[in-house]
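Have a look at the structure below before the remarks.
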Amino acid sequence: VERSLVLVKPDGVQRQLTGTILARIEAKGYRIVELKLVEATREVLEKHYEEHVGKPFYEPLVEFMLSGPTVAAVLEGDRVIEGFRSLAGTTDPTTAAPGTIRGDFGRDWGEKVQKNLVHGSDSVESAEREIAIWFG
Ligand code: GTP
Ligand code: MG
Numbered sequence: 003v004e005r006s007l008v009l010v011k012p013d014g015v016q017r018q019l020t021g022t023i024l025a026r027i028e029a030k031g032y033r034i035v036e037l038k039l040v041e042a043t044r045e046v047l048e049k050h051y052e053e054h055v056g057k058p059f060y061e062p063l064v065e066f067m068l069s070g071p072t073v074a075a076v077l078e079g080d081r082v083i084e085g086f087r088s089l090a091g092t093t094d095p096t097t098a099a100p101g102t103i104r105g106d107f108g109r110d111w112g113e114k115v116q117k118n119l120v121h122g123s124d125s126v127e128s129a130e131r132e133i134a135i136w137f138g
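Numbering of the sequence shown is given in full-length UniProt numbering, commencing with residue 3 and proceeding in unit increments.
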């Protein structure tokens, strides 16, 4: 059975949307098999976002992810990677489709970083890598 690493990013936790987001995941039928509230470290974030090193949004993104606690979860279910990304909506929260997490609860706030509430693994390989980073 497939697994995905999902994060409720600091904006989602700060805005008290964790329960709402987890409820959507459970209502869709995915199982939450690991769950914790963590203060991410720079070391963890450098590994998690290694594909983005050198991009203009990399440093603002890491600073944002260090700004408060994150909820990390492992989801399980058939095609959960695709399924959660569909629940989350597209990366840019301003234009993400209504009905998605980012589309319903996110928008731009005039900052360099896109505060888009959640992260979800984008492939089986990323999921395995990210679960090891966040859960060891
Ligand atoms: P994640 O699920 O968080 O990985 O989002 P994603 O897969 O939809 O996006 P991606 O992996 O490409 O980028 C990771 C994060 O970097 C995004 O969630 C955004 O917070 C941020 N990001 C990506 N692209 C841009 C961009 O063009 N500009 C800005 N400011 N931030 C970006
Ligand atoms: Mg990504």
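Here a beta-carbon is modelled for each residue, glycine too, at the ideal position from N, C-alpha and C.
- Under the three-state reduction of DSSP, which class applies to V36: helix, strand or coil? Within the sequence shown, the letter at position 34 stands for residue 36. The amino acid occupying residue 36 in the given sequence is Glu; Val does not appear at that position. In the structure shown, E36 sits in a strand (DSSP, three-state: E or B).
- Query: Is DSSP giving A74 helix, strand or coil here?
  - Reply: If you number the sequence shown from 1, residue 74 lands on position 72. The answer is strand: DSSP assigns A74 an E or B state.
- Query: When the distance is taken between beta carbons, is R26 closer than 8 Å to I103?
  - Reply: Taking the sequence shown and counting its residues from 1, one reaches residue 103 at position 101. Taking the sequence shown and counting its residues from 1, one reaches residue 26 at position 24. Yes, the Cβ-Cβ distance between I103 and R26 is below 8 Å.
- Query: Can you tell me the Cα-Cα spacing of H50 and G105, whole angstroms?
  - Reply: Here residue 50 is taken as the residue at index 48 of the sequence shown, counted from 1. Here residue 105 is taken as the residue at index 103 of the sequence shown, counted from 1. Rounded to whole angstroms, H50 to G105 spans 24 Å at the Cα level.
- Nearest candidate by alpha-carbon position, reference S6, set H54, F66, V46, A75: If you number the sequence shown from 1, residue 6 lands on position 4. Comparing Cα positions, the closest option is A75.
- May I ask you to check if the CB of L63 is nearer than 7 Å to at least one heavy atom of the ligand GTP? Taking the sequence shown and counting its residues from 1, the one referred to as residue 63 is at position 61. The answer is yes for L63.
- Relative to the C-alpha of E65, which residue among T97, S123, V115 is closest? The residue given as residue 65 occupies position 63 in the sequence shown. That would be V115, whose Cα lies nearest to the Cα of E65.
- Which residues, in chain order, sit with a beta-carbon under 7 Å away from any heavy atom of the ligand MG? H121, D124
- Message: Taking the beta carbon of F90 as the centre, do at least 16 other beta carbons fall within 10 Å, making it buried, or is it exposed?
- Response: Along the sequence shown, read from residue 1 onward, the residue named residue 90 stands at position 88. One point to set straight first is that residue 90 is Ala, not Phe, in the sequence displayed. The residue in question, A90, is buried, as its Cβ has 16 or more Cβ neighbours within 10 Å.
- When the Cα of M67 is compared with those of Q16, P100, A99, F137, which residue comes out closest? To locate residue 67, count along the sequence shown from 1; it is residue 65. M67 has its Cα closest to that of Q16, out of Q16, P100, A99, F137.
- Task: Classify L63 as buried or exposed, calling it buried when 16 or more other Cβ atoms lie within 10 Å of its own Cβ.
- Result: Taking the sequence shown and counting its residues from 1, the one referred to as residue 63 is at position 61. L63 is buried by the Cβ-count criterion.
- Item | Inter-stretch contact (C-beta, 8 Å, three-pair minimum) for the stretch 115–132 and the stretch 80–87 | yes
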